[in-house]
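Residue numbers (this note's numbering): 14 to 507. Each remark here refers to the structure printed beneath this line.
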């Protein structure tokens with residue numbers, strides 16, 4: 014893009030991007046292609062059996078998305094030719110050495126790649142421990158080993174999460190996680206031991222399972238999920254996702270050597286604020302489960318302190334920060350951490366989010382299958398566990414017990430009513446179990462490194478506009494009411 018030094022950095026360069034079928038990955042691919050059409054090549058690593066399957070995935074899950082509408086309009090009839098020239102889908106997986114790429118391709122890539130962006134992750138809070146370790150921890154290791162073989166490598170950017178900090182309070186600094194470091198003072202954390210524990214647990218299960226359980230794999234899935242939570246909490250992390258992402262960071266810090274490394278730690282990522290499609294998003298984020306539950310009438314209460322600060326950041330600002338950091342540290346023999354957050358620079362209260370949601374749904378009421386407007390009530394918020402449990406007992410547990418008895422006596426006449434009430438109860442309890450710890454989160458993410466980067470970018474007005482990542486410009490109430498919530502309803506509701 015004319016006048017942009019940051020965009021011009023990508024001219025003639027090739028990048029390998031993992032996780033390109035995910036939300037941030039798509040936004041990153043679209044942004045680079047739009048601001049610097051003379052980028053040489055974007056290698057997109059996707060899980061697929063072969064190159065043809067990889068091409069089909071990229072076409073349907075990346076290029077074919079509405080996000081690329083502006084780019085399509087820009088290139089018109091030449092769009093497909095442009096994409097074929099710039100994008101090279103690669104079949105592979107970060108869980109394997111050399112990222113599972115065929116030998117016939119991999120040597121050529123070592124000579125071509127200038128930049129690697131590792132965005133691959135499994136973000137399920139309660140993912141199987143073996144799966145989460147493979148992707149979030151060993152995946153980071155394999156990407157780093159691949160990077161060391163790229164003879165022209167200028168940058169490895171790894172996307173993590175700010176919540177590798179667990180549930181710490183106070184000011185959380187932009188500093189690396191050291192190998193074996195824990196959040197609760199335990200000194201026995203060893204990644205190799207965790208991998209062996211997973212292997213031994215699965216081996217014991219296979220020896221003890223019945224034939225029917227072997228066929229379904231249900232026991233293994235359950236045990237692996239429970240093991241992940243158990244191990245995470247043993248060392249001070251609240252869930253498997255943030256724990257294994259923290260382990261991934263430890264591996265990168267320990268094995269980096271002279272690889273130029275930037276680690277981006279975003280907080281809760283929300284829909285695009287501006288560029289290229291306001292409100293666009295994919296994948297249900299933490300706060301969006303709340304909105305969707307509200308929209309469907311399944312959420313009557315929640316456990317949260319409305320006077321506490323929530324830390325959110327639009328997806329396009331995260332990508333802009335990623336790109337700016339790549340350019341700023343290209344070729345440097347350093348490791349730099351960036352918190353991409355808002356809790357210090359432009360904090361927002363949960364109350365503002367709740368009020369925006371109430372206002373939106375009051376102005377845009379739900380409509381039932383019969384075409385009639387469905388009334389809704391404001392969600393009850395409780396800032397104590399005791400109050401929440403009392404409400405759930407009176408509103409759900411006792412009525413469910415009574416309905417169960419009546420249903421038995423009436424030969425099942427109230428089965429559907431019991432099922433619907435039970436589903437609402439389970440939905441609320443699941444949301445609280447997953448996300449309530451973050452509703453009371455008292456940590457604040459220091460963003461001094463990001464502030465320095467922002468001041469550097471602002472020296473060039475064109476770059477400051479094209480690659481804006483300053484949450485200070487946001488009016489949160491308007492953003493949620495006019496952009497984010499409408500985006501959730503449009504892109505995620507189905």
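Glycine included, each C-beta is placed from N, C-alpha and C at the ideal position. All of these numbers come straight from a predicted model, not from anything done at the bench.
Beta-carbon gap between residue i and residue j smaller than 8 angstroms
| i | j | result |
| --- | --- | --- |
| residue 173 | residue 277 | yes |
| residue 271 | residue 189 | no |
| residue 337 | residue 470 | yes |
| residue 128 | residue 192 | no |
| residue 112 | residue 156 | yes |
| residue 248 | residue 195 | yes |
| residue 233 | residue 218 | yes |
| residue 343 | residue 109 | no |
| residue 285 | residue 293 | yes |
| residue 361 | residue 489 | yes |
| residue 114 | residue 57 | no |
Residue interval of the alpha helix (DSSP H) (run including residue i)
| i | result |
| --- | --- |
| residue 333 | 328 to 341 |
| residue 438 | 428 to 452 |
| residue 388 | That residue, residue 388, is in no alpha helix (DSSP H); it is neither H nor E in DSSP. |
Buried or exposed by the 16-neighbour rule on C-beta atoms within 10 Å, applied to residue i
| i | result |
| --- | --- |
| residue 481 | buried |
| residue 235 | exposed |
| residue 98 | exposed |
| residue 147 | buried |
| residue 530 | An answer regarding residue 530 cannot be provided, because it is not within the stretch 14 to 507 covered by the chain. |
| residue 349 | buried |
| residue 441 | buried |
| residue 20 | buried |
| residue 39 | buried |
Under the three-state DSSP convention, the category residue i falls into
| i | result |
| --- | --- |
| residue 101 | strand |
| residue 56 | strand |
| residue 499 | helix |
| residue 286 | coil |
| residue 246 | helix |
| residue 108 | coil |
| residue 379 | strand |
| residue 226 | Reliability fails at residue 226, whose pLDDT of 49 lies under 50, so the model's placement of it is uncertain and no value is given. |
| residue 12 | The structure shown does not extend to residue 12, since the chain spans only 14 to 507, so no value can be given for it. |
| residue 298 | coil |
| residue 202 | coil |
| residue 474 | helix |
| residue 279 | strand |
| residue 66 | helix |
| residue 114 | coil |
| residue 134 | coil |
Boundaries of the beta strand (DSSP E) in which residue i is found, first to last residue
| i | result |
| --- | --- |
| residue 168 | 168 to 172 |
| residue 411 | Taken as a continuous stretch (DSSP letters only), residue 411 belongs to no beta strand (DSSP E), being part of the alpha helix (DSSP H) at 411 to 422. |
| residue 184 | 183 to 185 |
| residue 458 | 456 to 458 |
According to DSSP, residues forming a beta bridge with residue i
| i | result |
| --- | --- |
| residue 395 | 316 |
| residue 28 | 55 and 128 |
| residue 348 | 274 |
| residue 405 | DSSP output for residue 405 lists no bridge partner at all. |
| residue 71 | DSSP, once it has assigned bridges, lists no residue as partnering residue 71. |
| residue 210 | Answer is none; residue 210 lacks a bridge partner. |
| residue 322 | 362 |
| residue 353 | 279 |
Any chain C beta carbon closer than 8 angstroms to residue i
| i | result |
| --- | --- |
| residue 120 | In the structure shown, chain C does not exist; there is a single protein chain. |
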